[in-house]
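Right, one structure below, let's go through it.
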Amino acid sequence: MPADRMPLLDVRDLCVSVPGNGGMIPLVENVSFCVNEAEIVGLVGESGSGKSVTAMALMGLIDSPGVQVRGSARFRGQELVGMPAKALRTLRGRDIAMIFQDPMTAFTPVYTIGWQIDEQIRAHERLTRRAARARTVQLLAEMGVPDPARTAQRYPHQLSGGLRQRAMIAMALSCRPTLLIADEPTTALDVTVQAQILDLLRGLRHSHGSSVLLITHDMGVVAQTCSRTLVLYSGRMAESGPTTTLFARPAHPYTAALLDSIPPLYGSRPHRLPAIAGVPPTPRERPAGCAFGPRCAYVHATCLPAPPALAPIGAGQLAACVLPAEGTPLPPRTIAQGMQP
Amino acid sequence: MIPALLRRLGQTLLVLFGVSVLVFAVFFATPGADPTARIAGRNASPQIMEKVRREYGFDRALPVQYATMMKKLFITRDLASYADRGELVVPQIEQAAPVTACLVCGAAFIWVSASIIMGTLAAAFRDTWVDRTLMLAGLVGISIPVFWLGQVTNLITQSRYHDTWLFSWVPGLGYVPFSEDPGGWFRALVIPWVVLAVMFIGIYSRVLRADLVALAGEDFMRTARAKGLSPTRVMLRHGLRTALVTFVSLFGLDFAQLVGGGALLTEVVFGLPGVGRLTYRALTNLDLPVIMATVMYSAIFVVVANAVVDMVYLLLDPRVRDAR
Numbered sequence: 001m002p003a004d005r006m007p008l009l010d011v012r013d014l015c016v017s018v019p020g021n022g023g024m025i026p027l028v029e030n031v032s033f034c035v036n037e038a039e040i041v042g043l044v045g046e047s048g049s050g051k052s053v054t055a056m057a058l059m060g061l062i063d064s065p066g067v068q069v070r071g072s073a074r075f076r077g078q079e080l081v082g083m084p085a086k087a088l089r090t091l092r093g094r095d096i097a098m099i100f101q102d103p104m105t106a107f108t109p110v111y112t113i114g115w116q117i118d119e120q121i122r123a124h125e126r127l128t129r130r131a132a133r134a135r136t137v138q139l140l141a142e143m144g145v146p147d148p149a150r151t152a153q154r155y156p157h158q159l160s161g162g163l164r165q166r167a168m169i170a171m172a173l174s175c176r177p178t179l180l181i182a183d184e185p186t187t188a189l190d191v192t193v194q195a196q197i198l199d200l201l202r203g204l205r206h207s208h209g210s211s212v213l214l215i216t217h218d219m220g221v222v223a224q225t226c227s228r229t230l231v232l233y234s235g236r237m238a239e240s241g242p243t244t245t246l247f248a249r250p251a252h253p254y255t256a257a258l259l260d261s262i263p264p265l266y267g268s269r270p271h272r273l274p275a276i277a278g279v280p281p282t283p284r285e286r287p288a289g290c291a292f293g294p295r296c297a298y299v300h301a302t303c304l305p306a307p308p309a310l311a312p313i314g315a316g317q318l319a320a321c322v323l324p325a326e327g328t329p330l331p332p333r334t335i336a337q338g339m340q341p
Numbered sequence: 001m002i003p004a005l006l007r008r009l010g011q012t013l014l015v016l017f018g019v020s021v022l023v024f025a026v027f028f029a030t031p032g033a034d035p036t037a038r039i040a041g042r043n044a045s046p047q048i049m050e051k052v053r054r055e056y057g058f059d060r061a062l063p064v065q066y067a068t069m070m071k072k073l074f075i076t077r078d079l080a081s082y083a084d085r086g087e088l089v090v091p092q093i094e095q096a097a098p099v100t101a102c103l104v105c106g107a108a109f110i111w112v113s114a115s116i117i118m119g120t121l122a123a124a125f126r127d128t129w130v131d132r133t134l135m136l137a138g139l140v141g142i143s144i145p146v147f148w149l150g151q152v153t154n155l156i157t158q159s160r161y162h163d164t165w166l167f168s169w170v171p172g173l174g175y176v177p178f179s180e181d182p183g184g185w186f187r188a189l190v191i192p193w194v195v196l197a198v199m200f201i202g203i204y205s206r207v208l209r210a211d212l213v214a215l216a217g218e219d220f221m222r223t224a225r226a227k228g229l230s231p232t233r234v235m236l237r238h239g240l241r242t243a244l245v246t247f248v249s250l251f252g253l254d255f256a257q258l259v260g261g262g263a264l265l266t267e268v269v270f271g272l273p274g275v276g277r278l279t280y281r282a283l284t285n286l287d288l289p290v291i292m293a294t295v296m297y298s299a300i301f302v303v304v305a306n307a308v309v310d311m312v313y314l315l316l317d318p319r320v321r322d323a324r
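Chains as they are written, first to last, in full-length UniProt numbering: chain G, 1 to 341; chain B, 1 to 324.
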């Protein structure tokens, strides 16, 4: 990253912890990444890896009692961590917008789609009802919603999942945010709709100049959309780097295992896809050493006393693993087809 | 629309029929309820007993007696009381109904406003002293029996402190029609309103708070906050508006049973000549015609209120609208 160009979002050592068991339980530990203008960055991990918590912490949306957010998250140079609620509120929805996983439940059931989009527009801009509705209809049209004027007058339960997610994206884009946080936007949708929504997200860079932080557990989605990728495991960063590099030469065994669990497009298919044995540790049972240690095929004595630090591997790639430094890096992968940068 | 109305009408008739048969059967199965002896009076000769029995038709088969009573109640409307001979029942109800309606509507206004304010505040300040104080007050309200509260307020406002500046405005027990003296009407009813509302404020504010707290975890509430709306707007326009759906259905049924005579205790304590007190008197006298008439009145209200709740539901919840 050139020094003269400030990233849109610069997250440094973000930690989120909640009280419990007489102490603080860390949900997210020392997560650092940045998102540049008009870039799509993927945040990958299993359920409970802290990817949604990271996003919610950025938005100031965690409201469980006693939650502690430390570290720094600068959005266009403004510090988000510790920002007064009111200032954060004007940023929320206007400059940083969010799309949620389940479009079925993300709209208030008693208002029309149009009403809810109008509401967001009018919360941030002085516009008449009529002008807001005009923009709503136009946004819905841009998102590929058929008959947008009539769809705006319909209630959430009257629309299909795909249409609802389009409406959700239209709502998120209604105030032309510079950063869009998409929390598993395609998980609840079927595959064809999923592809359409991803297309839409990719197009936003050009049509709206928006950067996207895409949170997902699906490596396939990452390969299709993200220029850079961040892999989280149990609240800690496992690996980060350009998507192409990460997919071709994963440096962390967890990344490699995730990639192995995608069915290959070409060549002979394995009888059974390899799965990662075991489950990730819960935040309160996280081991002292590498959190992936108990499930890792390469685990050895150096992994156990303390979590390995993130170390540069080269070409913008970072990995929290001792293997590369010990001179026994993972072998590069051969299958990396069907990828777009 | 027309078929729905007809269906609702059919349901109403069915409910009325079932309830009236039940009241009728229970009455005649009650030992010591024999109306002949009551009407003829104590130590009546067998001849008089026989005469009364013939005159009132108690010698006929029960289904015939039932049919006659229904005809007198609904068609000729000249059903007479057994206890006060010659006193017609329908005009009694017509006199009592407005009193009860005034009492219940005023109380309903108080309890709905108070519980919405209390429940919303408690949910907004969840787990703070505001929440705990309000919910404790609600619990106290639920726990106080209405007749006790009524007696105590009477004791305070009518006798103990009646002569102080605080309560000298309180009129004696009883009802003042609105058409005669609006001010007197208000003064006569304001204390009964509050007393009747207290328990409902407790119940409704606690239910509303629980609903709002449950809704706070919903995805759409998170969306509303992510849109950058103010916490007040999120709470009122998204939370409270959605929670109203449950609130209204609860309200409709409570309101109906109160208007139908459920405010009996309050009416008796404050000497208000409403439907509840009429029922109470009829029950102490075992006066079947009046019991029958008040029960029918009450049943009609519950059914009508159900219909109204359904309509309001349609207005409040678009999902129900489409399910039709």
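The C-beta atom is built at its ideal place from N, Cα and C for all residues, glycine as well.
Residue i: buried (16+ other C-beta within 10 angstroms of its C-beta) or exposed?
i	result
B/R85	exposed
G/K51	buried
G/E326	exposed
G/Q317	buried
B/W129	exposed
G/Q340	Note that G/Q340 has pLDDT 42, beneath the 50 cutoff, so the model's placement of it is unreliable and the number below is only indicative. By the neighbour-count rule (16 or more Cβ atoms within 10 Å), G/Q340 is not buried but exposed.
G/P331	exposed
G/L304	exposed
B/M221	buried
G/A277	exposed
G/E285	exposed
For residue i, which residues from the same chain have a beta carbon less than 7 Å from its beta carbon, with the 5 sequence-adjacent residues on both sides left out?
i	result
B/V295	V19 and V23
G/T178	L8, D95, S210 and S211
For the beta strand (DSSP E) containing residue i, name the first residue and the last one.
i	result
G/F75	Q68 to F75
G/G20	L9 to G20
G/S211	S211 to T216
G/R228	R228 to Y233
G/G42	I40 to V44
G/A182	L179 to D183
G/M98	I96 to I99
G/A288	Note, G/A288: premise wrong, no beta strand (DSSP E); not H, not E.
Using the beta-carbon of each residue, which ones in chain B are nearer than 8 Å to residue i?
i	result
G/G93	A226, K227, G228 and L229
G/P65	D127
residue 342 of chain G	Residue coverage of chain G in this structure runs from 1 to 341, which leaves residue 342 of chain G outside it and unanswerable.
Which bits of chain B does residue i rub up against, with CB to CB less than 9 Å?
i	result
residue 347 of chain G	As displayed, chain G neither begins before 1 nor continues past 341, which places residue 347 of chain G out of reach and without an answer.
G/D102	D219
G/H300	Under the 9 Å cutoff, chain B gives no residues; its nearest Cβ is about 43 Å from G/H300.
G/T90	G228
G/Q165	By Cβ distance, chain B contributes nothing, its closest Cβ being about 12 Å from G/Q165, past 9 Å.
Short of 8 Å in beta carbon distance, which residues of its chain neighbour residue i, apart from the five on each side in sequence? Order them along the chain.
i	result
G/A306	A288 and G289
B/V64	G57
Are the CB atoms of residue i and residue j nearer to each other than 8 Å?
i	j	result
B/L258	B/V146	no
G/A73	G/L27	no
B/Q92	B/L278	yes
B/K227	G/A170	no
B/A107	B/L196	yes
G/L232	G/G42	no
G/I99	G/D199	no
B/F167	B/Y175	no
G/L204	G/L180	yes
G/H157	B/R319	yes
G/A106	G/M59	no
B/S249	B/Y313	yes
B/L212	B/G119	yes
B/G141	B/V198	yes
Starting from residue i, find everything on chain G with Cβ-Cβ shorter than 8 Å and list it in chain order.
i	result
B/D317	P109 and V110
Starting from the beta carbon of residue i, find every residue of chain G whose beta carbon is closer than 9 Å, and list them in chain order.
i	result
B/D322	Y155, H157 and Q158
B/F251	Those do not exist, as B/F251 stays about 17 Å from chain G at its closest Cβ, beyond 9 Å.
B/R241	T108, V110 and Y111
Residue range of the alpha helix (DSSP H) that residue i falls in?
i	result
G/Q116	I113 to H124
G/E239	Segment R236 to P242 is the beta strand (DSSP E) holding G/E239; no alpha helix (DSSP H) there.
G/S32	No alpha helix (DSSP H) holds G/S32; the beta strand (DSSP E) holding it covers G23 to V35.
B/P63	L62 to M70
By the criterion of Cβ-Cβ separation under 7 Å, what are the contact partners of residue i in chain G?
i	result
B/H162	Result: empty, since nearest Cβ-Cβ is about 49 Å, beyond 7 Å.
Can you name, in chain order, every residue of its own chain whose Cβ lies under 6 Å from the Cβ of residue i, other than the five neighbours on each side?
i	result
B/Y66	F24
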